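So the sequence shown is numbered by the numbering used here: it starts at 8 and just counts up by one.
The C-beta atom is built at its ideal place from N, Cα and C for all residues, glycine as well.
Keep in mind that this is a model prediction, so the values were computed, not measured.
I have placed the structure first, in the form of structure tokens, so that the comments after it can refer back to it.
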Amino acid sequence: MVTHTVLHCICASRRCCIGRRWGHDALSHGRRCSMPMSEARLDEFLTEGAKIAVVSTVDRRGHPRSAPVWYEWHDGSVLIFTGRSSLKWRNLQRVAHASVCVDERETPYAGVVIDGPVEEVTEDEDPVHQVALRMATRYYGEEEGRAFAEPYRDGAPGTVVFRVRPEHIVSWDYAADV
Numbered sequence: 008m009v010t011h012t013v014l015h016c017i018c019a020s021r022r023c024c025i026g027r028r029w030g031h032d033a034l035s036h037g038r039r040c041s042m043p044m045s046e047a048r049l050d051e052f053l054t055e056g057a058k059i060a061v062v063s064t065v066d067r068r069g070h071p072r073s074a075p076v077w078y079e080w081h082d083g084s085v086l087i088f089t090g091r092s093s094l095k096w097r098n099l100q101r102v103a104h105a106s107v108c109v110d111e112r113e114t115p116y117a118g119v120v121i122d123g124p125v126e127e128v129t130e131d132e133d134p135v136h137q138v139a140l141r142m143a144t145r146y147y148g149e150e151e152g153r154a155f156a157e158p159y160r161d162g163a164p165g166t167v168v169f170r171v172r173p174e175h176i177v178s179w180d181y182a183a184d185v
């Protein structure tokens, strides 16, 4: 079951329940407060453009580690590919749980944080080449994307695709209050 969380207003004066307006007078704080995204807006936000995600894992000492990555929002989960020898994949072998943040860093600010268990995507399920091709085309365009994905055509044994299945989602969209 995926849950949205109770958010705190940027001005930290009161709590908000998902789907309701903020309970305080926004004018007294000099600005309006953010609203969580609807499911349709969340899908649109995660699939439009070529945003970079930040995936966070836990290292062997229990410290958080974050890395910018390409991602794909696919069938209600986040797909990411990386090298099998990468720190993020090694961390996920120990603690198969990750947090993924995708946000707009220009006004009006918007973003999504997805937290959940991680599982490897098998070649039979979704071949590395196909995932790499879809992502590279999104980030580089058709021609350059195909060239980028070509080395992954024969399986790429040093590469892994993993899925983050959302258990918990936090979202905000300051444009919703404009």
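Buried or exposed by the 16-neighbour rule on C-beta atoms within 10 Å, applied to G123: Per the 10 Å Cβ criterion, buried.
Length of the line joining the Cα atoms of E157 and V120: Their Cα atoms are separated by approximately 31 Å.
Supposed close pair V128, L94 - CB separation, criterion 8 Å: Rounded, the Cβ-Cβ distance is 19 Å, inconsistent with contact.
Cutoff 8 Å: A57 Cβ touching any chain C Cβ: Although the question refers to chain C, the structure presented lacks it and comprises just one protein chain.
Collapsed DSSP secondary structure at E111 in the structure displayed: In the structure shown, E111 sits in a strand (DSSP, three-state: E or B).
Residue environment, D82, which counts as buried when at least 16 other CB atoms sit within 10 Å: Looking at its Cβ environment, which holds fewer than 16 other Cβ atoms inside 10 Å, D82 is exposed.
Euclidean distance between Cα positions of F169 and E151: Cα to Cα, F169 sits roughly 24 Å from E151.
Endpoints, the beta strand (DSSP E) within which T64 is located: A60 to V65 is the span of the beta strand (DSSP E), which, as asked, contains T64.
Separation of A154 from G118, as counted between CA atoms: Here the alpha carbon of G118 sits roughly 31 Å from the alpha carbon of A154.
R97 to R67 span [Cα, whole Å]: Rounded to the nearest whole angstrom, the CA to CA distance from R97 to R67 is 9 Å.
Beta-bridge partners of D82, as assigned by DSSP: For D82, which the question treats as bridged, DSSP gives no partner whatsoever.
Continuous beta strand (DSSP E) stretch holding A156: start and end: Per DSSP, A156 belongs to no beta strand (DSSP E); it is in the alpha helix (DSSP H), E149 to A156.
Length of the line joining the Cα atoms of S63 and A74: Their Cα atoms are separated by approximately 7 Å.
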